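Quick note: to get the numbering used here, add 68 to the position in the sequence shown (first position is 1). In what follows, a single structure is set out as structure tokens and then discussed.
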Amino acid sequence: MIEEIGIVRTGAIIGIGGTVILDLWAAFMQRVFDVPATNWGMVGRWVSHMPRGHFVHENIGRAAPVSGEHAIGWIVHYVIGIGYGLLLVGLWGVEWLRQPTLLPPMILALALLGAPYFIMMPGTGSGIAGARTPKPNVTRLKSLLGHSVFGLGMYVTALVIAASAGFGQFTF
69 MIEEIGIVRT
79 GAIIGIGGTV
89 ILDLWAAFMQ
99 RVFDVPATNW
109 GMVGRWVSHM
119 PRGHFVHENI
129 GRAAPVSGEH
139 AIGWIVHYVI
149 GIGYGLLLVG
159 LWGVEWLRQP
169 TLLPPMILAL
179 ALLGAPYFIM
189 MPGTGSGIAG
199 ARTPKPNVTR
209 LKSLLGHSVF
219 GLGMYVTALV
229 IAASAGFGQF
239 TF
């Protein structure tokens, strides 16, 4: 199956799978534990202001609303997930796809915590690693858990693809 759909498409599917699992986790956490999910509309607003040269906001919630910002934010969320899936496959290659192991997607997901900590959070006015949020350590932990779930989601998606292609076994 990997050769049939291509390595690039497989990487994209792995990224989408990881993102879907992350979103299911966020919905579960919100419903069961009342942990607010990321507001992708604010991410859409932030990204939509970039072509106008505005990359860093004091508070993205007070920035001018942008038509379609919620949809834009969700699209950005999934495009980033796809990019991370492609990066995973690009770094670990076809052999990893044939017999996925947990460590590579977890290493990547945790290494990529730098993106929200040092790009998205400061850009939206939350400060470096959420330092300007009401509960910075909760913000950091939420990102850490989210990225961990995303890494696990990419791994599970890769396992399903490998198993459906007749490769390897489910190993942890």
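Note that beta-carbon positions come from the ideal geometry of N, C-alpha and C, so glycine has one too. Note that this is a predicted model, so its numbers are computed, not measured.
*Sorted by chain position, which residues of the same chain lie with C-beta nearer than 8 Å to Gly149's C-beta, five sequence neighbours on each side aside?*
Taking the first residue of the sequence shown as position 1, residue 149 is located at position 81. Counting only Cβ-Cβ distances below 8 Å, and skipping sequence neighbours, we find Gly83, Ile84, Gly86, Thr87, Leu90 and Phe218.
*asked:* If I measure Cβ to Cβ from His125 and keep anything under 8 Å in the same chain, skipping five residues before and after, which residues do I get?
replied: Stepping through the sequence shown from its first residue, residue 125 is reached at position 57. Listed in chain order, the non-local C-beta contacts of His125 below 8 Å within the same chain comprise Trp114, His117, Ala131, Gly191, Thr192 and Gly193, local neighbours out to five positions each way being set aside.
*C-beta atoms of Arg208 and Gly198 nearer than 8 Å*: Here the question's residue 208 lines up with position 140 in the sequence shown. Here the question's residue 198 lines up with position 130 in the sequence shown. In this structure, Gly198 lies closer than 8 Å to Arg208 by Cβ.
*Please go through the same chain and pick out, in chain order, the residues whose beta-carbon is closer than 8 Å to the beta-carbon of Leu181, but skip the five residues on each side of it.*
Residue 181 sits at position 113 when you count from the first residue of the sequence shown. Sequence-distant partners of Leu181 (beyond 5 residues in either direction) whose C-beta falls short of 8 Å from its own C-beta, in its chain, are Ser211, Leu212 and His215.
*Check whether the Cβ atoms of Ala230 and Pro168 lie closer than 8 Å to each other.*
For the purposes of this step, residue 230 is taken as residue 162 along the sequence shown, with counting starting at 1. For the purposes of this step, residue 168 is taken as residue 100 along the sequence shown, with counting starting at 1. Result yes, Cβ atoms of Ala230 and Pro168 sit closer than 8 Å.
*Which one of Ile143, Glu137 and Gln98 has the shortest CA to CA distance from Gly109?*
What you label residue 109 is simply residue 41 of the sequence shown in a count that begins at 1. Ranked by Cα distance from Gly109, the first of Ile143, Glu137 and Gln98 is Glu137.
_Assuming contact is defined by CB atoms lying nearer than 8 Å, are Leu165 and Ala94 in contact in what I supplied?_
The count along the sequence shown starts at 1 and reaches residue 165 at position 97. The count along the sequence shown starts at 1 and reaches residue 94 at position 26. No. Outside cutoff.
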